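If you read the sequence shown in the numbering used here, its first letter stands for residue 12, the second for the next number, and so on.
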Amino acid sequence: MGNPQEYIVKCTYDFTVDDTGAGSFPRTVALAKTDNLPKGALVTEVIVEKVVSATSGGAATFQIKGGGAALTDAMSIADLTTAGYVAVADVGGANTTPVATTDNAALELTLGAAAATAGQFNVIVKYLLGSA
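Structural data, given as C-alpha cells:
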C-alpha cells in the first residue's frame with residue numbers, strides 16, 4: 012500500500028472565449044482551457060482566482076463540476092469583482108466533505124440563474140490519488 016499523492020488540475024473561464032450568452036439556465040459552459048479530473052480522485056480543495064472582474068445580467072451563479080461529480084455548491088458571480096483569490100469553495104458543499112470522482116472527465120462550469128456578461132477566472136482543484 013502506498014501513500015496517496017496530491018495533484019492539481021486547472022481550468023479557466025473567460026467570458027470572451029467560453030460564453031455564447033445563449034440558452035436557458037442552468038447551463039454547462041464548454042471551457043476552451045481545462046484539464047481532466049481522473050476517476051477515483053478525492054477532491055480536497057477548490058480555489059477560484061479572479062483575473063478579470065466578473066459581472067452578470069442578474070444574480071448569476073456558477074458551480075464547478077468534474078470527474079462526473081459536483082465539486083462545489085453554486086457560488087455568486089458577484090464574489091468575483093475584487094482582485095486575487097476571492098473565493099475558496101467548500102468542496103462538496105456546506106459540509107466540506109471531500110468529493111470522490113466517478114469518471115475521467117474535464118472540469119466544467121455550470122452557470123445558473125442569469126447570464127454572465129464579463130469576467131475571467133481560474134479554478135484550481137487539488138485532489139488525492141492512490142491507495143491510502
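Built from N, CA and C at the ideal position, the CB exists for glycine as well. Here the structure is a predicted model, which means the values were calculated and not measured.
- Following the DSSP letters along the chain, one finds Asp25 inside the beta strand (DSSP E) bounded by residues 16-25.
- Under the criterion of beta carbons closer than 8 Å, Leu139 and Pro15 qualify as touching, at roughly 4 Å.
- DSSP places Ala43 in the coil class of the three-state scheme, outside both helix and strand.
- If you look at Ala129, you'll find it in the beta strand (DSSP E) that goes 127-140.
- Linking Thr23 to Ala129 through their CA atoms gives a straight-line distance of about 13 Å.
- Take the alpha-carbon of Arg38 and the one of Leu122: they are about 5 Å apart.
- Rounded to whole angstroms, the gap between the alpha carbons of Ser64 and Leu91 is 6 Å.
- Using a 10 angstroms sphere on the CB of Thr72, the tally of other CB atoms reaches 16 or more, which defines it as buried.
- The Cβ neighbour count for Ser67, taken over all protein chains shown within 10 Å, is at least 16; the residue is labelled buried.
- Selection Val62, Gly78, Glu56 evaluated against Asp46 yields Gly78 as nearest (Cα-Cα).
- The Cβ atoms of Leu48 and Val20 sit closer than 9 Å to each other.
- The beta carbon of Ala124 is closer than 7 Å to those of Phe36, Gly69, Ala70, Ala71, Thr72 in its chain, skipping five residues each way along the sequence.
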